[in-house]
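First up is the structure itself, then whatever we jot down about it.
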Amino acid sequence: MSRIHEPRFRRYAEADVPTDYGVFRFVVYREADSPFEHVAVVHGDVEGAKDVLVRVHSECMTGEVFHSLKCDCREQLDLALRRIAQEEAGIVIYLRQEGRGIGLGNKIRAYALQQEGYDTVDANRALGFEDDLRSYHVAAFMLRDLGVESVRVMTNNPAKLEALRSDGVVVSSRVEHFAGSHSHNRGYLETKRRRMGHLYELDSATFGALASNDAE
């Protein structure tokens with residue numbers, strides 16, 4: 013994967029940051045005409061590397077900051093960092109795309125509709141949005157800028173893989189990334205499986221099962 017010049021995106025800042033999972037290099041990118049800054053959280057030497065373990069993860073303030081139980085975003089992020097820390101090299105691409113791209117306020121509006129019985133897809137549609145408004149152009153640029161040759165992507169979402177490949181990312185494989193379910197998020201996960209094509213089975217899943225297995 014060769015580096016290219018893309019005037020829409022640029023690397024802005026970077027530094028090593030100690031975390032619960034080890035020291036990661038935080039590389040911040042800015043996007044033209046956007047208030048958002050995206051972050052590559054890098055472990056090890058990824059330049060020129062093949063089959064790098066990668067998680068492309070979208071921001072979730074409710075789950076990651078306030079520990080909302082309505083989704084599995086925080087658990088997925090934690091699992092990704094833990095898995096990457098066990099590799100020689102890996103990256104979390106953290107995109108500022110709250111609520112599958114509709115923003116925090118509209119996400120809370122969608123939550124209000126879900127309290128009335130809408131699922132996550134129908135709530136978005138009732139507000140006039142598509143099911144998923146996220147873009148992965150900046151993620152592809154970030155991977156190229158970091159010099160990654162090919163990636164193994166931790167995801168259950170085939171549409172994400174298709175989007176990355178269409179932007180020139182060499183995806184060598186998909187790594188299942190299910191962080192478990194519980195009573196509060198099971199309906200949400202089932203909707204993503206049934207209506208959005210996510211690849212996992214819920215019948216035999218228990219909360220934290222994969223995370224526990226990885227820790228052993």
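Here the sequence shown stands for residues 13 to 228, numbered as in our numbering.
Glycine included, every Cβ here is placed at the ideal spot set by N, Cα and C.
Small disclaimer: the values here were computed from a predicted structure and weren't measured.
Pairwise C-alpha distance: glutamate 202 and aspartate 143: 15 Å
DSSP-derived helix/strand/coil call for serine 162: coil
Cβ neighbour criterion (16 or more within 10 Å) applied to alanine 227: Note that alanine 227 has pLDDT 35, beneath the 50 cutoff, so the model's placement of it is unreliable and the number below is only indicative. Result: exposed.
Phenylalanine 78 to alanine 122 span [Cα, whole Å]: 17 Å
DSSP-derived helix/strand/coil call for arginine 146: coil
Residue range of the beta strand (DSSP E) that includes proline 30: 21-31
Histidine 189 versus alanine 97: straight-line alpha-carbon distance, rounded: 15 Å
Start-end ranges of the beta strand (DSSP E) lying completely within the stretch 49-129, minimum 3 residues: 49-55, 64-70 and 102-107
Buried or exposed (CB count within 10 angstroms, at least 16 for buried), lysine 172: buried
Endpoints, the alpha helix (DSSP H) within which valine 133 is located: 132-138
Three or more C-beta pairs below 8 Å linking the stretch 146-160 and the stretch 38-55: yes
Nearest to serine 4 (by Cα), restricted to the options Val53, Pro19 and Gly60: Here the chain covers residues 13 to 228 and nothing more, so residue 4 does not appear.
Aspartate 45 versus Phe21, Ala25 and Val64, residue with shortest Cα-Cα distance: Phe21
beta-carbon glycine 111 near the ligand PLP non-hydrogen atom, thresh 6 Å: For the structure depicted, the ligand PLP is absent and the ligand set is empty, with no information on it obtainable.
Close-in-space but distant-in-sequence residues of the same chain around valine 182 (CB under 8 Å, 5 per side omitted): Met13, Glu161, Ser162 and Val163
Beta carbon of arginine 112 nearer than 7 Å to that of arginine 146: yes
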